[in-house]
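Accompanying notes for the structure given below.
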Amino acid sequence: MVLLTVKHVIADFVLQTSWMAIGKDQRTGWFLPLLAHCGVHFAVALAVILAVAPRFWFVALIDFAIHITVDRCKGLVASRLGVTQENQHPWFWTLIGVDQALHHLTDFGLSIFMAAN
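With my numbering, letter number 69 in the sequence shown gets 82, and the count goes up by one each step, no holes.
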């Protein structure tokens, strides 16, 4: 769990560019920034998993699929309802919090899966 949390911090904050962060939530042109962002998550997750438990390499694919789904849903809400920091929308930080909670629950679930197997 700790390693997947570190992976998340690195991929979601350290390695995420403004192009990714802003672009993935746009009404149009969101696909490449979202794919790049989730590709970073995949690469970091794969590196961490291969270093500690290589037989679970496929968990990086599961993490990628869940991350891209969660971030696209957040992007849809942000772009359709105008939930942006620029708009000072009252739901902006709630949306970020829900997004992060879902990612942490994903890490928790994947950790449990790997520990149980």
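The beta carbon of each residue, even a glycine, is placed where N, CA and C say it ideally should be.
Once DSSP output is grouped into helix, strand and coil, what is the label at HIS102? In the sequence shown, the residue the question calls residue 102 occupies position 89. DSSP places HIS102 in coil when its eight states are reduced to three.
Measure the Cβ-Cβ separation of ALA66 and PHE55 and say whether it is below 8 Å. Counted from its first residue, the sequence shown places residue 66 at position 53. Counted from its first residue, the sequence shown places residue 55 at position 42. The answer is no: Cβ separation not under 8 Å.
Taking buried to mean at least 16 other C-beta atoms within 10 Å of its own C-beta, is LEU108 buried or exposed? Here residue 108 is taken as the residue at index 95 of the sequence shown, counted from 1. Buried, since its Cβ has 16 or more Cβ neighbours within 10 Å.
Can you tell me the Cβ-Cβ gap for PHE69 and MET127, rounded? I've got them flagged as a contact below 8 Å. In the sequence shown, the residue the question calls residue 69 occupies position 56. In the sequence shown, the residue the question calls residue 127 occupies position 114. About 5 Å separates the two Cβ atoms, so the contact holds.
Are the beta-carbon atoms belonging to LEU28 and LYS37 less than 8 Å from one another? Taking the sequence shown and counting its residues from 1, the one referred to as residue 28 is at position 15. Taking the sequence shown and counting its residues from 1, the one referred to as residue 37 is at position 24. No.
Which residues mark the beginning and the end of the alpha helix (DSSP H) in which VAL90 is found? Numbered from its first residue, the sequence shown carries residue 90 at position 77. Here the alpha helix (DSSP H) through VAL90 covers 72 to 94.
Three-way DSSP call (helix, strand, coil) for ARG40 in this model: Your numbering for residue 40 matches position 27 in the sequence shown. Coil, per DSSP.
The alpha helix (DSSP H) enclosing GLN17, as first and last residue numbers: Counted from its first residue, the sequence shown places residue 17 at position 4. Looking at the sequence itself, residue 17 is Leu, so the reference to Gln does not match. Looking at the DSSP string, the run of the alpha helix (DSSP H) that includes LEU17 is 15 to 22.
Just to confirm, is the Cβ distance from LEU16 to VAL61 under 8 Å? As a first step, residue 16 must be located in the sequence shown, where it is residue number 3. As a first step, residue 61 must be located in the sequence shown, where it is residue number 48. Pairing LEU16 with VAL61 gives a Cβ-Cβ distance under 8 Å.
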